[in-house]
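Q: Take this structure, written in structure tokens, and hold onto it; I'll ask about it next.
2 protein chains.
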Amino acid sequence: MIKPRSRRGGGRPTIADVARKAGVGAITVSRALREPARVSEELRRQIQAAVDELGYVPDPNARALASARAEVFGVLVPSLTNNVFAEVVRGIYDSLSASPFRIQLGNTHYSGLEEERLLQVFGSQRPAALIVAGIDQTPTSRKLLESAGCPVVQVMETGPDPVDMMVGFSHFDGGRTATEHLIETGYRRIGFIGARMDPRSQRRLAGYRAAMEAAGLFDPRLVTTTPVLSSVPLGREMLRDALAKVPTLDGVFCNNDDIALGVLFECHRASIAVPKTIGIVGFNDLDMMQVAFPSITSIRTHRYEIGRRAVAMALAAIAGNRPEQRIVDLGFELKRRESTAR
Amino acid sequence: MIKPRSRRGGGRPTIADVARKAGVGAITVSRALREPARVSEELRRQIQAAVDELGYVPDPNARALASARAEVFGVLVPSLTNNVFAEVVRGIYDSLSASPFRIQLGNTHYSGLEEERLLQVFGSQRPAALIVAGIDQTPTSRKLLESAGCPVVQVMETGPDPVDMMVGFSHFDGGRTATEHLIETGYRRIGFIGARMDPRSQRRLAGYRAAMEAAGLFDPRLVTTTPVLSSVPLGREMLRDALAKVPTLDGVFCNNDDIALGVLFECHRASIAVPKTIGIVGFNDLDMMQVAFPSITSIRTHRYEIGRRAVAMALAAIAGNRPEQRIVDLGFELKRRESTAR
DNA sequence: CAACGTCATGGTAGCGCTACCAATTGCCTG
DNA sequence: CAGGCAATTGGTAGCGCTACCATGACGTTG
């Protein structure tokens with residue numbers, strides 16, 4: 020009356036089946052799969068044969084339960100559709116595809132509360148590492164990260180006080196560099212147009228302001244922002260708003276490339292000459308910036324590389340050799356193009 | 020000498036701790052959390068209090084192991100950065116955020132082999148449902164899907180032979196509609212420009228060809244394709260190639276909006292009048308199409324909705340009431356804009 | 001009022017795997 | 001040649017949870 024197999028599991032082969040077929044103990048199969056070096060050549064071969072024949076695939080849930088560690092990277096980003104994060108995520112995926120680690124991707128929608136909730140969920144799985152976007156976690160989130168018991172990498176930005184590790188660049192410097200470029204090129208009434216205004220955009224704005232004040236050009240009416248999610252159509256509207264406030268506007272530093280593209284299209288529509296009448300600078304340097312007409316000056320950021328480095332650092336930490344450099348600044352580059360070439 | 024707790028787990032509260040504190044059996048705690056209706060009001064309250072006090076969070080790995088089902092949706096897409104899939108994924112995430120289900124997102128890089136590998140990995144977790152992009156799975160992948168023992172939804176396209184369920188639209192019809200629109204507007208030497216040429220692009224091309232042949236306008240030299248990943252810069256190059264082959268080209272149906280935008284920019288650069296000299300139609304209708312200058316005609320597809328519907332169908336199937344309609348065609352809309360208004 | 005369902009609760013036995021601790025063997029050292 | 005050590009293998013006992021079955025306390029019914 021005993022039906023040991025078939026009772027619950029879908030009748031899939033287990034490690035015990037493999038062990039029986041190979042004539043070894045279950046633990047040896049486990050070792051052969053995870054630390055081949057510790058099993059003799061011969062047994063390894065037998066076990067591999069049994070695995071192949073049965074089509075055995077280890078159950079990650081059982082594995083996680085027994086070892087109190089899931090082979091999962093938790094990744095938290097504020098948006099899935101924003102090209103910027105998509106690139107970071109792609110870097111993460113590509114770096115992890117050859118490893119045994121799976122990826123658990125969470126979308127916080129730029130909400131601290133949602134981030135806390137997801138951190139709670141992710142933490143309950145005992146992930147191997149956590150990668151989170153930004154450095155402005157709520158106190159609760161920070162606590163959750165600190166007590167996660169795994170490497171943590173904050174990405175996109177650098178800052179003074181990492182939970183564990185950081186890979187990014189200075190958005191403040193990026194904003195300042197973009198603005199200084201406009202000033203140096205001869206623009207004077209330079210506006211800031213920013214949507215979404217998350218912490219990174221705030222810092223870009225701060226960089227803009229610093230540059231403008233240093234040049235004695237700052238005027239609060241030059242700043243146009245909205246909490247609305249950034250998009251190309253929004254860029255168009257915002258340029259209209261900005262021009263309505265300051266008709267003498269002769270340059271704009273845009274929060275990001277979507278906005279910059281919208282601004283460019285609106286200039287075309289309103290027959291405003293770019294770069295002659297208005298100069299435009301974007302942020303992130305999506306690949307369309309270089310083929311736009313005119314091509315758009317932008318701050319190139321290394322998003323894919325941020326993803327790769329974050330994984331590399333986490334992997335190193337998991338392997339036991341934490342990188343000596345806990346904060347990695349990947350910088351950015353000003354790409355001068357036609358939109359500011361006058 | 021017995022240290023039952025603290026031995027392995029990080030000392031987190033378990034269901035047994037909650038049960039002890041609430042003065043009930045562990046199984047009752049389990050039930051209170053999963054099927055509250057089956058536990059009396061009073062015990063439910065006591066248990067909730069204990070849960071809150073201890074900060075208990077169920078271990079999803081243990082849960083998955085014991086119940087032979089993980090609360091995970093496996094999602095397989097060919098690209099993470101392509102806006103089209105990002106929207107579908109966003110729809111999936113938004114629909115699932117209020118549920119207990121986690122999401123396991125895989126990137127197949129348009130590779131059948133990679134899809135098989137990921138399906139193997141995902142399957143080993145016994146997911147609650149699988150959502151995969153496309154209908155052209157390899158025989159191996161199809162077998163894996165069929166034997167996954169969970170609801171499966173194929174998204175993006177509709178076709179005659181679903182593994183289980185399908186949500187999408189006809190890319191062939193989309194391609195034909197776009198091309199017919201150009202023909203009706205009076206364009207004659209209409210090119211097809213397509214990058215990446217995955218199965219969906221192939222079907223759009225087939226739709227283009229059908230429309231052109233029906234009008235007696237088809238000419239193989241009008242078709243320009245490449246296996247390279249689609250991008251805006253690539254659109255620019257491909258228009259150049261197309262014009263080099265057929266200088267009399269007077270219209271283009273583009274594989275997707277990135278290409279269309281690149282084509283538009285190249286027209287500006289080469290001083291080709293749009294829509295007068297060349298008409299342009301894109302595919303997907305990203306939001307920038309309506310603000311481009313001139314605005315670009317495109318085939319609007321319901322990507323976010325595809326994600327939502329896929330989840331809704333999977334959830335229904337999990338709950339035991341499979342939708343009577345296994346194939347859902349969400350259609351598309353031709354958005355006529357300035358780029359074909361002559 | 002005996003027989004029977006229903007509801008609420010609990011005990012037991014795993015799910016499939018790995019941490020921990022032997023046990024065995026062969027070889028090296030003094 | 002005793003003692004020690006590394007290399008290889010295995011047994012046992014869980015990891016934290018839930019499926020399954022059992023138990024008792026209530027009605028409900030004929």
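Residue numbers (the numbering used here), protein chains in the order written: chain A, 20 to 361; chain B, 20 to 361. Cβ atoms here follow ideal geometry from the backbone N, Cα and C, with glycine treated the same way. These figures come from a predicted structure and were not determined experimentally.
Can you tell me whether Ala69 of chain A is buried or exposed? The criterion is at least 16 other CB atoms within 10 Å of its CB, across all chains shown.
A: The residue in question, Ala69 of chain A, is buried, as its Cβ has 16 or more Cβ neighbours within 10 Å.
Q: Give me, in chain order, the residues of the same chain whose beta-carbon lies closer than 6 Å to that of Leu99 of chain A; leave out the 5 immediate sequence neighbours on both sides.
A: So the list reads Asn126, once near-sequence residues are dropped.
Q: Let me know the beta strand (DSSP E) ranges lying completely inside the region 253-321 of chain B, each 3 residues or longer, listed in chain order.
A: You should have 270-273, 298-303 and 316-320.
Q: Report the three-state DSSP secondary structure of Ile46 of chain B (helix, strand or coil).
A: Helix at Ile46 of chain B.
Q: Could you tell me whether any Cβ in chain A is nearer than 7 Å to the Cβ of Leu262 of chain B?
A: Leu262 of chain B does not count as touching chain A.
Q: Output yes if chain B places a C-beta closer than 7 Å to the C-beta of Val108 of chain A; else output no.
A: So yes, Val108 of chain A belongs to the interface.
Q: For Lys354 of chain A, collect the residues of the same chain with a Cβ closer than 8 Å to its Cβ; drop the 5 residues on either side in sequence, then sort them by chain order.
A: Asp304, Met308, Gln309, Thr316, Ser317, Ile318 and Arg319, listed in sequence order.
Q: Using the beta-carbon of each residue, which ones in chain A are nearer than 7 Å to Phe284 of chain B?
A: Residues of chain A passing the Cβ test: Val310, Ala311 and Phe312.
Q: Taking only beta-carbon atoms, is Tyr129 of chain B less than 7 Å away from chain A?
A: Not an interface residue.
Q: Going by beta carbon distance, what residues of the same chain come within less than 6 Å of Met429 of chain A, once the five residues before and after it are set aside?
A: Nothing about residue 429 of chain A can be read from this structure; chain A reaches only from 20 to 361.
Q: When you compare only the Cα positions, how much space is there between Ser250 of chain A and Arg195 of chain B?
A: In a straight line, the C-alpha of Ser250 of chain A is about 29 Å away from that of Arg195 of chain B.
Q: Apart from the five residues just before and just after Ser358 of chain A, which ones in its own chain have a Cβ nearer than 6 Å to its Cβ?
A: These residues qualify, in order along the chain: Val293, Pro294, Ile299, Pro313, Ile315 and Thr316.
Q: Classify Phe237 of chain A as helix, strand or coil using the three-state DSSP reduction.
A: Correct three-state label for Phe237 of chain A: coil.
Q: Would you give the residue range spanned by the beta strand (DSSP E) that Ile209 of chain B belongs to?
A: Element bounds for Ile209 of chain B: Ile209 to Gly213.
Q: Using the three-state DSSP reduction, which class does Pro342 of chain B fall into: helix, strand or coil?
A: Of the three classes helix, strand and coil, the one that applies to Pro342 of chain B here is coil, per DSSP.
Q: To the nearest angstrom, how far is the alpha carbon of Arg223 of chain B from that of Thr198 of chain B?
A: Cα to Cα, the separation comes out at about 10 Å.
Q: For Arg39 of chain B, would you say it is in contact with chain A, using Cβ-to-Cβ distances shorter than 7 Å as the test?
A: Not closer than 7 Å to any Cβ of chain A, the Cβ of Arg39 of chain B fails to qualify, so no.
Q: For Ala333 of chain B, count neighbouring Cβ atoms within 10 angstroms of its own Cβ and tell me buried if that reaches 16, exposed if not.
A: When all chains shown are included, Ala333 of chain B counts as buried.
Q: State the CB to CB distance for the pair Pro77 of chain A and Ser143 of chain B, rounded to an integer number of angstroms; the pair is presumed to be in contact (CB under 8 Å).
A: Confirmed, Cβ separation roughly 7 Å.
Q: Quick check on the DSSP output: the alpha helix (DSSP H) that includes Phe191 of chain A runs from which residue to which?
A: Its alpha helix (DSSP H) spans residues His190 to Thr204.
Q: Only counting the same chain, and skipping five residues up and downstream in sequence, which positions put a Cβ closer than 8 Å to that of Pro55 of chain B?
A: Cβ within range, chain order: Arg63.
Q: Let me know the secondary structure DSSP gives Ile216 of chain B once reduced to three states.
A: According to the sequence shown, residue 216 of chain B is Met rather than Ile. If DSSP states are grouped into helix, strand and coil, Met216 of chain B belongs with coil.
Q: Please state whether DSSP places Gly187 of chain A in a helix, a strand or coil.
A: Here Gly187 of chain A sits in strand by DSSP.
Q: Short of 7 Å in beta carbon distance, which residues of its chain neighbour Val330 of chain A, apart from the five on each side in sequence? Order them along the chain.
A: So the list reads Ile111, Ser114 and Leu115, once near-sequence residues are dropped.
Q: Which residues bound the beta strand (DSSP E) around Gln173 of chain B?
A: Run containing Gln173 of chain B: Val171 to Glu176, per the beta strand (DSSP E) assignment.
Q: Which same chain residues, not among the five before or five after Ile426 of chain A, have their C-beta less than 8 Å away from its C-beta?
A: Absent from the model: residue 426 of chain A. The displayed extent of chain A is 20 to 361, so no value can be given.
Q: In the structure shown, what three-state DSSP assignment does Thr245 of chain A receive?
A: Of the three classes helix, strand and coil, the one that applies to Thr245 of chain A here is coil, per DSSP.
Q: Which residues in the same chain as Phe92 of chain B place their Cβ atom closer than 8 Å to its Cβ, once the five residues preceding and following it in sequence are excluded?
A: Within the same chain, Phe92 of chain B has close Cβ partners Ile111, Leu115, Phe120, Arg121, Ile122, Gln123, Pro146, Ala147, Ala148, Leu149, Ile150, Val330 and Ala333.
Q: With DSSP as the reference, label Gly74 of chain B as helix, strand or coil.
A: Looking at Gly74 of chain B - three-state DSSP - the assignment turns out to be coil, as it is neither helix nor strand.
Q: Taking the alpha carbon of Gln221 of chain B as the point to measure from, which residue in B:Arg240, B:His190 and B:Pro239 has its own alpha carbon closest?
A: Selected option, being the one with the closest Cα: B:His190.
Q: Under 8 Å Cβ-Cβ, which residues of chain A neighbour Gly281 of chain B?
A: Here the neighbours are Met307 and Val310.
Q: How should Ile154 of chain A be labelled, buried or exposed, when 16 other C-beta atoms within 10 angstroms of its C-beta is the threshold for buried?
A: So Ile154 of chain A ends up on the buried side.
Q: Specify the secondary structure class of Ile154 of chain A as computed by DSSP and reduced to three states.
A: Looking at Ile154 of chain A - three-state DSSP - the assignment turns out to be coil, as it is neither helix nor strand.
Q: With a threshold of 16 other CB atoms inside 10 Å of the CB of Leu52 of chain B, please say whether the residue is buried or exposed.
A: Burial call: buried.
Q: For the alpha helix (DSSP H) that contains Phe141 of chain B, what are its first and last residues?
A: Taken as a continuous stretch (DSSP letters only), the alpha helix (DSSP H) holding Phe141 of chain B covers Gly131 to Gly142.
Q: Can you give the Cα-Cα distance for Val265 of chain B and Leu241 of chain B, rounded to whole angstroms?
A: Each residue's Cα considered, the two are about 7 Å apart.
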